[in-house]
Amino acid sequence: MAGTTASLLPTFPRIFFLYLEPVAIAFGMYANYAQMKPLLALSARSATPLELPALFLPSVTCQFLLTTILYGLAVLLSSPPNGRLLRLHIGILALADLTHWYGLFSTMAQADPQRGWGAALDTGAWNADVWNLVLYPVVTLSIKIATLAGWFGEIRG
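Under our numbering, the first residue of the sequence shown carries the number 1, and numbering increases by one thereafter.
Rendered as structure tokens:
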């Protein structure tokens, strides 16, 4: 991997950004699709099927995530060593964790219009899937911040 932007990363962050996070995101995309498939099948048989945005939005989201993952890997693996580019890349990934939380909590608030944001923040009502959706980005954001802070070793370049 010598001579690429990814080669500037210390060992653990390199493994995380090149293998662990892309696999976790791909699994999340697959799990999201797997959960939507029964809903789409029921909608097809319903007298009042789901509206078009409800049908294509999960697919578009998965396509966007896959494109983003591939683009990020292309940047890390094919660009010449550039420390500034690497730091910006990690910063953008950290921003994605924050938007993940906003999207999650916003969706939960819209799902319960009576309570709104109170429902989203009611941790007693969260199931294991919601806890995973909330806590996984805490771990990934921590790794990104620790990498930028140099806790795993210095980013060369």
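Glycine residues also receive a C-beta, built at the ideal position from the N, C-alpha and C atoms.
Candidates the options, of which the one nearest residue i by Cα
{"i": "residue 140", "options": "91, 31, 66 and 122", "result": "91"}
{"i": "residue 25", "options": "68, 14 and 146", "result": "68"}
{"i": "residue 30", "options": "66, 10, 143 and 16", "result": "66"}
{"i": "residue 142", "options": "97, 34 and 10", "result": "97"}
{"i": "residue 62", "options": "16, 134 and 34", "result": "34"}
{"i": "residue 158", "options": "21, 64, 83 and 11", "result": "Because the chain spans 1 through 157 in this model, residue 158 falls outside it and cannot be assessed."}
{"i": "residue 28", "options": "150, 129, 154 and 149", "result": "129"}
{"i": "residue 131", "options": "115, 101, 109 and 116", "result": "101"}
{"i": "residue 10", "options": "117, 116 and 87", "result": "87"}
Three-state secondary structure assigned by DSSP to residue i
{"i": "residue 92", "result": "helix"}
{"i": "residue 151", "result": "coil"}
{"i": "residue 142", "result": "helix"}
{"i": "residue 7", "result": "helix"}
{"i": "residue 162", "result": "Absent from the structure is residue 162, since the part of the chain shown begins at 1 and ends at 157."}
{"i": "residue 127", "result": "coil"}
{"i": "residue 121", "result": "coil"}
{"i": "residue 14", "result": "helix"}
{"i": "residue 156", "result": "coil"}
Own chain residues within Cβ distance below 8 Å of residue i, not counting five before or after
{"i": "residue 81", "result": "3, 4, 5, 7, 8, 156 and 157"}
{"i": "residue 125", "result": "119"}
{"i": "residue 18", "result": "6, 73, 76 and 77"}
{"i": "residue 85", "result": "5, 75 and 79"}
Cβ neighbours of residue i in the same chain (closer than 7 Å, five flanking residues each side left out)
{"i": "residue 146", "result": "152"}
{"i": "residue 121", "result": "none"}
{"i": "residue 93", "result": "144"}
Spatial neighbours of residue i in its chain, beta-carbon cut-off 6 Å, leaving aside the 5 residues before and after
{"i": "residue 13", "result": "147 and 152"}
{"i": "residue 111", "result": "none"}
{"i": "residue 105", "result": "120"}
heavy atom of the ligand PLP below 7 Å from residue i C-beta
{"i": "residue 12", "result": "Because no ligand of any kind appears in the structure shown, any question about the ligand PLP cannot be addressed here."}
message: Restricting to runs no shorter than 4 residues, where is the alpha helix (DSSP H) found entirely within the segment 68-118?
response: 83-111
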